[in-house]
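Here is the structure we will look at, set down as structure tokens.
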Amino acid sequence: MSLSDTIRMDEVKVYGNLRESHSIGATIYKMDSVKLKIFQNRSAAELLAMGSVNLKSYGVGGLSSLTMRGGNSSQTIVVWNGVNIQNPMNGGANLSLFPVNMFSSIRLQYGGSGTIYGSGAISGILILNSNALFSQPNGGELSLSYGSGNTRSLSSQVKYGDKSRAISVKVFGQLADNDFEFRNIYKIGSPKERITHAESKQLGILTDVNMRLHEKLFWSFSGWGQLGDKNLQPIMSSTQPSYANQVDRSLALVSNLSFSPSKRILFNLKNAASLGVIDYSDKGVNIFTNNSYASILTELESKVDVLNNGEVSMGINHTLETASSDDYVGSAKRNRVSGYASLRKPLFRSRFLSVLSIRGELVDGDFKPVIYSVGAEWLPTKKLIFKMNASKNYRIPTLNDLYWASTTYTEGNPNLEPESGWGGDVGFQIKSISSDRAINVSNSLFYSNIERWIVWLSIPTVSDSKWKPFNMSKGESWGWESQVDWSLRVNSLTIRVEGFYTFTHSVFSEQPGSRAQPMIYTPTHRFSGSLNLQYEKYGLGYYHGFTGKRYRDFQSQLPAFNLANLFISYKFNLLGKVVTAGLSVNNLWNQDYQLIAGYAMPLRSYMFTINIDFTR
Numbered sequence: 169m170s171l172s173d174t175i176r177m178d179e180v181k182v183y184g185n186l187r188e189s190h191s192i193g194a195t196i197y198k199m200d201s202v203k204l205k206i207f208q209n210r211s212a213a214e215l216l217a218m219g220s221v222n223l224k225s226y227g228v229g230g231l232s233s234l235t236m237r238g239g240n241s242s243q244t245i246v247v248w249n250g251v252n253i254q255n256p257m258n259g260g261a262n263l264s265l266f267p268v269n270m271f272s273s274i275r276l277q278y279g280g281s282g283t284i285y286g287s288g289a290i291s292g293i294l295i296l297n298s299n300a301l302f303s304q305p306n307g308g309e310l311s312l313s314y315g316s317g318n319t320r321s322l323s324s325q326v327k328y329g330d331k332s333r334a335i336s337v338k339v340f341g342q343l344a345d346n347d348f349e350f351r352n353i354y355k356i357g358s359p360k361e362r363i364t365h366a367e368s369k370q371l372g373i374l375t376d377v378n379m380r381l382h383e384k385l386f387w388s389f390s391g392w393g394q395l396g397d398k399n400l401q402p403i404m405s406s407t408q409p410s411y412a413n414q415v416d417r418s419l420a421l422v423s424n425l426s427f428s429p430s431k432r433i434l435f436n437l438k439n440a441a442s443l444g445v446i447d448y449s450d451k452g453v454n455i456f457t458n459n460s461y462a463s464i465l466t467e468l469e470s471k472v473d474v475l476n477n478g479e480v481s482m483g484i485n486h487t488l489e490t491a492s493s494d495d496y497v498g499s500a501k502r503n504r505v506s507g508y509a510s511l512r513k514p515l516f517r518s519r520f521l522s523v524l525s526i527r528g529e530l531v532d533g534d535f536k537p538v539i540y541s542v543g544a545e546w547l548p549t550k551k552l553i554f555k556m557n558a559s560k561n562y563r564i565p566t567l568n569d570l571y572w573a574s575t576t577y578t579e580g581n582p583n584l585e586p587e588s589g590w591g592g593d594v595g596f597q598i599k600s601i602s603s604d605r606a607i608n609v610s611n612s613l614f615y616s617n618i619e620r621w622i623v624w625l626s627i628p629t630v631s632d633s634k635w636k637p638f639n640m641s642k643g644e645s646w647g648w649e650s651q652v653d654w655s656l657r658v659n660s661l662t663i664r665v666e667g668f669y670t671f672t673h674s675v676f677s678e679q680p681g682s683r684a685q686p687m688i689y690t691p692t693h694r695f696s697g698s699l700n701l702q703y704e705k706y707g708l709g710y711y712h713g714f715t716g717k718r719y720r721d722f723q724s725q726l727p728a729f730n731l732a733n734l735f736i737s738y739k740f741n742l743l744g745k746v747v748t749a750g751l752s753v754n755n756l757w758n759q760d761y762q763l764i765a766g767y768a769m770p771l772r773s774y775m776f777t778i779n780i781d782f783t784r
């Protein structure tokens with residue numbers, strides 16, 4: 169894979185399914201193939217840490233989640249092959265367990281899209297795809313990595329098929345001691361130490377099958393199993409060793425059956441299951457807990473072309489969510505039935521695109537407020553696009569919020585109401601493409617207002633206090649996003665420069681009229697940029713990210729930090745196969761930083777990778 173493979177930027181968005189084609193007016197960022205190749209033996213958390221979103225991580229390989237536009241992690245959903253794969257217990261997804269090599273496409277959609285994607289799509293969406301096989305060549309790859317912290321990684325993929333049927337298998341494995349160096353700023357003199365009790369094991373396998381059963385009938389299946397075994401490192405201020413461990417097991421299955429009786433009509437039947445078991449133990453305090461969840465989905469979607477190139481998309485969805493935990497009052501169960509309709513219409517010779525969507529949902533027989541969205545794009549010239557969208561969105565409480573048992577320190581709240589609010593953005597995009605160069609510039613202003621924000625608060629008890637969730641807060645965020653992407657090819661040299669800046673003002677208040685408080689772990693300023701050079705067999709990439717100050721609580725802040733990675737590669741032929749050798753230097757400038765207060769992150773580290781391409 170070289171940079172010259174990705175210089176063309178004709179397609180601003182990739183419309184891979186019914187939902188994505190109705191994301192008119194939204195800001196969508198697609199990770200290019202060079203980034204995916206560089207990070208193929210790493211997690212999605214490590215990839216996104218160098219991008220335009222805000223990442224929170226509890227140490228090396230620890231629980232990692234992303235936030236967008238000032239929201240929290242439960243307000244940014246994660247979708248794989250069209251299915252929300254977040255844990256219904258806590259409303260999150262641990263991105264440190266998502267190997268990059270499993271995905272053929274990774275995209276970020278900014279802002280609310282609750283009418284199309286349902287509950288939780290308030291601040292943004294991480295869209296992962298793996299199953300577009302017919303556009304991929306037959307063959308395979310094998311990649312081996314070794315790096316600091318005694319990190320050993322292996323990833324491989326094989327794809328075989330023709331125009332009517334194809335299968336792909338991807339495997340990932342990693343063993344790591346994670347004993348990286350760090351400076352302990354909680355001790356006098358900030359001495360250098362090594363992270364302890366952070367060993368991890370990870371194994372994953374993903375299979376995709378595509379079959380064209382008939383000229384008008386297409387079936388796809390995806391199965392993804394993942395195992396993670398992680399010791400949890402102590403915080404830097406701790407004087408005691410850690411004995412905590414967490415084992416994550418998950419399985420996600422998706423089946424799509426598409427039938428197109430004519431060029432104007434398409435039906436899609438989706439069946440999916442997302443299953444997980446999380447075992448947590450801490451021998452130091454004699455804690456052992458078992459948690460399991462299941463989310464079973466059946467969905468029927470349709471698309472009909474109407475009104476001179478217009479398109480109506482409709483869908484009905486049933487989702488059953490169950491969970492069991494040693495910390496629950498019995499077992500949790502929730503039935504959700506929802507329906508949506510969306511009209512997409514081009515006007516004025518397709519110089520104006522518009523979409524109008526609506527959605528309603530029943531949760532255990534209780535009808536939730538109808539939500540809606542509108543989006544538009546105006547193309548006055550071939551190089552200029554004006555965009556806008558506005559939407560009403562919502563998020564139902566997690567199962568932890570509702571069913572957590574009353575203990576000495578915590579208690580759930582079965583009377584919680586869904587979060588609800590609206591948001592939108594306006595912006596423009598300039599793009600210019602020629603045979604040897606391309607430029608894409610975009611700017612957006614965004615705003616979001618969320619009522620009944622669910623927050624866990626400390627309440628007094630007879631002997632002490634306990635934590636309990638309440639609909640106490642109102643959240644408000646606004647800001648500006650700017651992106652530049654420039655590519656140039658001169659003979660054998662390809663240059664690509666990319667930059668993304670985000671300004672975010674995000675606050676919430678616990679009571680009407682009360683003083684607004686800053687959103688925790690949300691930086692006001694965030695910048696990421698990259699420079700990639702490819703000359704014949706040589707490659708060089710520099711990635712730089714700046715994260716501004718973030719409030720760790722309502723009084724104190726974590727300092728701003730710069731994080732840079734350097735990648736060098738050389739490509740050669742060996743026994744008729746293309747081999748790429750690469751060296752990466754992580755945290756190039758040896759910066760001290762924390763993503764979550766108290767959790768050490770590595771100083772400068774290294775990784776060496778060999779990739780063998782068996783593609784025909």
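Just so you know, we're using my numbering here: the sequence shown kicks off at 169 and counts up by one.
Virtual Cβ for every residue (Gly too), placed ideally from N, Cα, C.
DSSP three-state assignment for residue i, whether helix, strand or coil
i: isoleucine 433; result: strand
i: methionine 775; result: strand
i: glycine 707; result: strand
i: phenylalanine 782; result: coil
i: isoleucine 607; result: strand
i: isoleucine 688; result: coil
i: glycine 341; result: strand
i: aspartate 569; result: helix
i: methionine 270; result: helix
i: lysine 739; result: strand
i: histidine 190; result: helix
i: glutamine 243; result: helix
i: lysine 471; result: strand
i: serine 800; result: A question about residue 800 goes unanswered here, because the residues of the chain that appear run from 169 up to 784.
i: leucine 231; result: coil
i: serine 264; result: helix
Option nearest residue i by Cα separation, candidates the options
i: glutamate 619; options: Phe638, Ile206, Ser588; result: Ser588
i: aspartate 593; options: Asn568, Val445, Gly391, Asn557; result: Asn557
i: serine 225; options: Gly219, Ala213, Gly498; result: Ala213
i: isoleucine 688; options: Arg187, Lys717, Tyr706, Gly713; result: Lys717
i: threonine 629; options: Pro305, Ser674, Ser574, Asn608; result: Ser574
i: aspartate 569; options: Asp534, Asn611, Leu625; result: Leu625
i: serine 235; options: Phe735, Gly227, Trp248, Leu216; result: Residue identity differs from the one stated: residue 235 is threonine in this sequence, not serine. Ranking Phe735, Gly227, Trp248, Leu216 by Cα distance to threonine 235 puts Leu216 first.
i: valine 584; options: Ser541, Met379, Phe638; result: The question names valine, but residue 584 is leucine in the sequence shown. Among Ser541, Met379, Phe638, the Cα nearest to that of leucine 584 belongs to Phe638.
i: methionine 482; options: Ala500, Ser506, Val747, Tyr496; result: Ser506
i: tyrosine 119; options: Leu443, Leu223, Thr690, Ala544; result: The shown model of the chain, from 169 to 784, leaves out residue 119, and the question about it has no answer.
i: serine 418; options: Arg563, Gln408, Asp397; result: Asp397
i: serine 423; options: Asn413, Asn459, Leu465; result: Leu465
i: serine 522; options: Gly533, Arg563, Val480; result: Val480
i: histidine 365; options: Ser358, Ser287, Glu383, Ala344; result: Ala344
i: serine 724; options: Lys705, His712, Thr690; result: Thr690
i: leucine 127; options: Arg432, Val497, Leu437, Ser493; result: A query on residue 127 cannot be resolved here, the shown segment of the chain reaching from 169 to 784 and no further.
i: lysine 555; options: Phe614, Val531, Asp604, Ser324; result: Phe614
Limits of the unbroken beta strand (DSSP E) element including residue i
i: tyrosine 562; result: 552-563
i: tyrosine 328; result: 319-329
i: aspartate 593; result: 587-601
i: leucine 751; result: 745-754
i: glycine 667; result: 661-677
i: serine 287; result: Segment: none, serine 287 is in no beta strand (DSSP E) and carries neither H nor E.
i: valine 542; result: 534-549
i: serine 510; result: 500-515
i: methionine 379; result: 368-382
Range of the contiguous alpha helix (DSSP H) that encloses residue i
i: glutamate 214; result: 212-217
i: serine 201; result: 201-206
Bridge-paired residues (DSSP) for residue i
i: isoleucine 455; result: Asp450
i: methionine 769; result: Methionine 769 is not bridged to any residue.
i: leucine 524; result: Leu511, Val542
(request) Tell me, please, whether the stretch 443-458 touches the stretch 232-241 by the rule of three or more beta-carbon pairs shorter than 8 Å. (result) no
(request) Spell out a yes or no on whether the stretch 198-210 and the stretch 269-286 are touching, meaning 3 or more CB-CB pairs, one atom from each, closer than 8 Å. (result) yes
(message) Any contact between the stretch 729-739 and the stretch 758-767? By contact I mean 3 or more CB pairs, one from each, below 8 Å.
(response) yes
(message) Does the stretch 509-528 come into contact with the stretch 484-494, if we say contact requires no fewer than three beta-carbon pairs (one atom in each stretch) closer than 8 Å?
(response) no
(request) For the stretch 368-382 and the stretch 391-402, state whether three or more C-beta atom pairs, one from each stretch, are separated by less than 8 Å. (result) yes
(request) Decide if the stretch 636-650 is in contact with the stretch 665-675; the criterion is three or more beta carbon pairs, one per stretch, under 8 Å apart. (result) yes
(message) Would the stretch 403-414 count as touching the stretch 353-369 if we require 3 or more Cβ pairs under 8 Å?
(response) yes
(message) Under 8 Å, with one C-beta from each stretch per pair, do the stretch 246-255 and the stretch 687-702 reach the 3-pair mark?
(response) no
(request) Evaluate the contact criterion for the stretch 542-556 versus the stretch 594-614: three or more CB pairs, one atom per stretch, below 8 Å. (result) yes
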